[in-house]
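J.: Handing you a structure now.
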Amino acid sequence: MSSAQLEIQIIASLVAIACAIPGTFLVLRKMAMISDAISHSILPGIVIGFFITQDLNSPLLILLAAITGVITVVLVEYIQKTGLVKEDTAIGLVFPVLFSIGVIMIAKNANDVHLDIDAVLLGELAFAPFDRLLISGVDVGPKSLWIIGSILFITIVLLVAFFKELKLSTFDKGLAASLGFSPVIIHYGLMSVSSITTVGAFDAVGAILVVALMIAPAAAAYLLTTDLKKMLILSVVFGVFSAISGYWFAHWLDASIAGSITTMLGVLFLAVYLFAPSKGIIAVMYREKQQRTEVSLLTFLLHLKNHDDERERHVNHLNEHINWQKVRSKTVLDLALKNNMIRIDNKIVSLTTKGDEFTTQAIDYIMTNEDSQIEDMKEDFFLFRG
Amino acid sequence: MTKIAVQIDDLTVAYNYKPVLWDIDLEIPEGVLMAIVGPNGAGKSTLIKAILGILKPIAGSVSIYGKSYKKQRSLVAYVPQKGSVDWDFPTTALDVVLMGTYGSLGWIKRPTQKEKKAALEALEKVGMLPFKNRQISQLSGGQQQRIFLARALVQDASIYFMDEPFQGVDATTEIAIINILKELRKAGKTVIVVHHDLQTVPEYFDWVTFLNVKKIATGPVKDIFNDDNLTKTYGINYKVSIQE
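First to last, the protein sequences are chains A and B.
The first sequence begins at 0 in numbering that gives the first Met the number 0 and counts up by one.
The second sequence begins at 0 in numbering that gives the first Met the number 0 and counts up by one.
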């Protein structure tokens, strides 16, 4: 592995981490689309910054572009506040306008400006190691490494300092306001960090794919944990994993690095979406199937409780009477037997003491909807886990 | 004479230039357990939010023990409507209660063992200690409301504002909550509750404010909770039998 390869992977990983942190809060605030808007509408900021500085890595350019990002948020909120259109419509109105201003500016000045739309949209990670930062003639590494490193450092400092405030205002804006933590300040702080990160990352992965790095790792992490800190750590891990595996995927395919990183993010999210232990699609389907069986079990137990007549409790009669297919009846009978709820003597089914108590308790729960008595039952049965 | 806990003068709040609260004058004496009642859209929640500075009024002023809310934040605890937050948020019951301590901590500082101990005590008081590490989406509606109440208790305030604490809770929780509110009153605290169920007003509260964009009436339940005021507030002939 050459040093250029290593540098590219480090830059990609730092970009992924810098995106995952604000991304986590954007996902929790249901503001994923705002990152899409910001990533597009910073274009005019970048172009104007480039006219002034002639350097894509200039801090002034980053600042100008980030301001355009924050202006986008302000405009979206302003339009939304008029009550004439909804938020998603407002987003859809604002960012294409700003983006197209950027596109026109590039096209009109194509001869003077060494800035092409491909690079803006998709990034030029492969070229990042060529643009070196020289401090008194000494090569200290690629410029973009320093830029994204600085942005990441600031992001982490802000996250550690204001973690409590961010959590509170994300969960409960009203309480945050009443306790004196202005949700407006925190909101615009987060928007500013998101904008600056987007500008810093755009050089590496381009305006479009920044969105994927912000949203996909956080969305995947959300499905795996119920703890905000763990969600942040998982987002970061997923981001770095996609950055590095994406790089080697691109290397192997000889294709765009940004495209490959995003593909890896997509694959990763899909895997989590399918296989997450409690919120994944497969787990949910399994749980629903279990719940159906348990509802059947309860129906069956209730039937037994309500009928003393032996005819009503004969195994064959149950098949016809409750109107289930053979397989279903067998599953339910087996489940009841396994849990010592019933006993079968000479094909006559009857409730055991445990089965009788369980039925009474379960019915009671369903009727009164009280929680206290159900806690132990929850361990054994999916049905009552809500 | 009893002290005035909350004083509201000429308060008008508008959404997009449409007044939702009009020229409210209200004095809430210290130590009452007060219900705010009124039809949907009467501005009950808005009134609380305006008192707490969450909404900016277009006219009027609010004072808490004679000073502006900003200076008296530490004296006030707030329980928002349960539906105002996302219960799928990745956090635990204990962590939500800890949020009640953030106000006294101020910016940047983190909760320490002391705050954690206070939060655990508050959970104990509402009977939710066994659930402290449970993710909040795994709690029932009544349990979630108790967590919100614990979060307010941990603030150890003088005045408690609660926005529909009985909404969507089971009967046991409702009784548990009202008992805690009555204890707060006994301890000399002022409790202000946005309330929907008119039947329970005489049983739960000793003070009531009728609100429908304007203030209709305010005072002791035994004096003013009558058909006349109910009719004025709800605009239809109202008959409730009131236990004397």
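Each residue gets a CB set at the ideal place from its N, CA and C atoms; glycine is no exception.
These figures come from a predicted structure and were not determined experimentally.
Leaving out five residues on either side along the sequence, give the residues of the same chain with a beta carbon under 7 Å from the beta carbon of Ser234(A).
T.: Residue 234(A) sits at position 235 when you count from the first residue of the first sequence. Result list for Ser234(A): Ala19, Gly22, Thr23, Pro216, Ala217, Ala220, in chain order.
J.: For Met98(B), count the other beta carbons within 10 Å of its own beta carbon; 16 or more makes it buried, fewer makes it exposed. Which is it?
T.: As a first step, residue 98(B) is located in the second sequence; it is residue number 99 there, counting from the start. That one is buried.
J.: Which residue's Cα is closest to the Cα of Leu189(A): Ile37(A), Ile347(A), Thr351(A)?
T.: To locate residue 189(A), count along the first sequence from 1; it is residue 190. Closest option to Leu189(A), Cα to Cα, is Ile37(A).
J.: If we count the other Cβ atoms within 10 Å of its Cβ and call it buried at 16 or more, is Arg145(B) buried or exposed?
T.: Within the second sequence, residue 145(B) is the residue found at index 146, counting from 1. By the 10 Å Cβ count, Arg145(B) comes out buried.
J.: Between Asp9(B) and the rest of its own chain, which residues show a CB-CB distance below 7 Å, the 5 nearest in sequence each way excluded?
T.: As a first step, residue 9(B) must be located in the second sequence, where it is residue number 10. Hits under 7 Å: Asp22, Asp24, Ala58, Gly59.
J.: Would Asn228(B) be called buried (16 or more neighbouring beta carbons within 10 Å of its own) or exposed?
T.: Against the second sequence, residue 228(B) aligns to sequence position 229. It counts as buried.
J.: Any Cβ of chain B within less than 9 Å of the Cβ of Asp171(A)?
T.: Indexing the first sequence from 1 puts residue 171(A) at position 172. So yes, Asp171(A) belongs to the interface.
J.: Indicate the three-state DSSP secondary structure (helix, strand or coil) for Trp247(A) in the structure shown.
T.: Position 248 of the first sequence, counting from 1, holds the residue named residue 247(A). Correct three-state label for Trp247(A): helix.
J.: Is the Cβ of Gln134(B) closer than 9 Å to any Cβ of chain A?
T.: Looking up residue 134(B) in the second sequence gives position 135. Yes, contact with chain A.
J.: Give me the Cα-Cα distance between Leu180(B) and Lys43(B), rounded to the nearest whole angstrom.
T.: Counting from 1 along the second sequence, the entry for residue 180(B) is found at position 181. Counting from 1 along the second sequence, the entry for residue 43(B) is found at position 44. One C-alpha to the other measures close to 19 Å.
J.: Can you find a C-beta in chain B that's less than 9 Å from the C-beta of Gly101(A)?
T.: For the purposes of this step, residue 101(A) is taken as residue 102 along the first sequence, with counting starting at 1. Using beta-carbon distances, Gly101(A) does not count as an interface residue toward chain B, since no partner is under 9 Å.
J.: Could you tell me the distance, in whole angstroms, from the CA atom of Phe299(A) to the CA atom of Leu334(A)?
T.: Counted from its first residue, the first sequence places residue 299(A) at position 300. Counted from its first residue, the first sequence places residue 334(A) at position 335. Cα to Cα, Phe299(A) sits roughly 11 Å from Leu334(A).
J.: What in chain B is Cβ-close to Gly188(A), meaning under 8 Å?
T.: Taking the first residue of the first sequence as 1, we reach residue 188(A) at position 189. Residues of chain B passing the Cβ test: none, with the nearest at roughly 12 Å.
J.: Kindly list the residues whose CB is nearer than 7 Å to the CB of Leu120(A), restricted to its own chain and excluding five residues on each side of it in sequence; keep chain order.
T.: On the first sequence, position 121 is the one that residue 120(A) refers to. Within the same chain, Leu120(A) has close Cβ partners Gly205, Ala206, Ile207.
J.: Give me the Cα-Cα distance between Ser67(B) and Val209(A), rounded to the nearest whole angstrom.
T.: The residue given as residue 67(B) occupies position 68 in the second sequence. The residue given as residue 209(A) occupies position 210 in the first sequence. Going by the C-alpha atoms only, they are around 45 Å apart.
J.: Assuming Val168(B) and Leu148(B) form a contact by the criterion Cβ under 8 Å, report the distance between their Cβ atoms to the nearest whole angstrom.
T.: Residue 168(B) sits at position 169 when you count from the first residue of the second sequence. Residue 148(B) sits at position 149 when you count from the first residue of the second sequence. Val168(B) to Leu148(B), Cβ: 10 Å. No contact.
J.: For Leu97(A) and Thr67(A), which I take to be in contact (beta-carbon distance under 8 Å), what is that distance rounded to the nearest angstrom?
T.: By 1-based counting over the first sequence, the position of residue 97(A) is 98. By 1-based counting over the first sequence, the position of residue 67(A) is 68. So it is a contact: roughly 7 Å between Cβ atoms.
J.: Going by DSSP, what residue range makes up the alpha helix (DSSP H) through Ile155(A)?
T.: Within the first sequence, numbered from 1, the residue matching residue 155(A) stands at position 156. That run of the alpha helix (DSSP H) goes 142-170.
J.: When you compare the CB of Phe224(B) with every CB in chain A, is at least one pair closer than 9 Å?
T.: Walking along the second sequence from the start, residue 224(B) turns up at place 225. Cβ-Cβ to chain A under 9 Å: no for Phe224(B).
J.: Along the region 156-167 of chain A, where does the CB come closer than 9 Å to a CB of chain B? Name the residues.
T.: Ala160, Phe161, Phe162, Lys163, Glu164, Lys166, Leu167
J.: Give the single residue among Ile47(B), Asp226(B), Val75(B), Ile135(B) whose Cα lies nearest to the Cα of Trp86(B).
T.: In the second sequence, the residue the question calls residue 86(B) occupies position 87. Minimum Cα distance to Trp86(B) is reached at Ile135(B).
J.: Starting from the beta carbon of Met230(A), find every residue of chain B whose beta carbon is closer than 9 Å, and list them in chain order.
T.: Sequence index remark: in the first sequence, residue 230(A) carries index 231 (1-based). Correct list: Pro89.
J.: Beta carbons nearer than 8 Å to chain A: which residues of the region 2-16 of chain B have them?
T.: For the region 2-16 of chain B, the beta-carbon criterion of a distance under 8 Å to any beta-carbon of chain A is satisfied by Asn15.
J.: At the 9 Å Cβ level, is Val84(B) part of the contact set with chain A, yes or no?
T.: As a working note, residue 84(B) is residue 85 in the second sequence. Against chain A, the CB of Val84(B) has a partner CB under 9 Å away; the residue lies at that interface.
J.: Heavy atom of the ligand MN less than 8 Å from the Cβ of Leu27(A), yes or no?
T.: The ligand MN is absent from the structure shown, which contains no ligands of any kind.
J.: Is there at least one Cβ from chain A nearer than 9 Å to Val96(B)'s Cβ?
T.: The residue you call residue 96(B) lines up with position 97 of the second sequence. Taking Cβ atoms only, chain A never reaches closer than 9 Å to Val96(B), which makes this a no.
J.: Answer with buried or exposed for Gln8(A), where buried requires no fewer than 16 other C-beta atoms within 10 angstroms of its C-beta.
T.: Here residue 8(A) refers to the residue found at position 9 of the first sequence. By the Cβ-count criterion, Gln8(A) is buried, with 16 or more other Cβ atoms from all chains shown falling within 10 Å of its own Cβ.
J.: Is Ala19(A) helix, strand or coil by DSSP?
T.: The residue given as residue 19(A) occupies position 20 in the first sequence. If DSSP states are grouped into helix, strand and coil, Ala19(A) belongs with the helices.
J.: Check whether chain A comes within 9 Å of Tyr77(B), counting only Cβ atoms and requiring the distance to be less than that.
T.: Your numbering for residue 77(B) matches position 78 in the second sequence. Yes, Tyr77(B) lies at the interface with chain A (some Cβ there is under 9 Å from its Cβ).
J.: On the CB-based measure, 16 or more other CB atoms within 10 Å of its CB, does Gln198(B) come out buried or exposed?
T.: Counting from 1 along the second sequence, the entry for residue 198(B) is found at position 199. Gln198(B) is exposed by the Cβ-count criterion.
J.: What residues in the region 211-222 of chain A bring their beta carbon closer than 8 Å to a beta carbon of chain B?
T.: Tyr221
J.: Shorter than 9 Å from the beta carbon of Lys85(A) to some beta carbon of chain B?
T.: In the first sequence, counting from the first residue as 1, residue 85(A) sits at position 86. Output row for Lys85(A): interface = no.
J.: Whole angstroms are fine: how far does the CA of Arg286(A) sit from the CA of Arg384(A)?
T.: Position 385 of the first sequence, counted from the first residue, corresponds to residue 384(A). Position 287 of the first sequence, counted from the first residue, corresponds to residue 286(A). Only weak support exists for where Arg384(A) lies, its pLDDT of 48 falling under 50; the value from the coordinates is given anyway. Taken atom to atom, the span from the alpha-carbon of Arg384(A) to that of Arg286(A) is near 10 Å.
J.: What does Asp344(A) pair with, by DSSP beta-bridge criteria?
T.: As a first step, residue 344(A) is located in the first sequence; it is residue number 345 there, counting from the start. Beta-bridge pairing links Asp344(A) to Ile347(A).
J.: Does any residue of chain A have a CB that is nearer than 9 Å to the CB of Ile235(B)?
T.: In the second sequence, the residue the question calls residue 235(B) occupies position 236. Output row for Ile235(B): interface = no.
J.: For a contact defined as C-beta to C-beta under 9 Å, what are the partners of Asp226(A) on chain B?
T.: Counting from 1 along the first sequence, the entry for residue 226(A) is found at position 227. Here the neighbours are Pro89, Thr90, Thr91, Asp94, Gln134.
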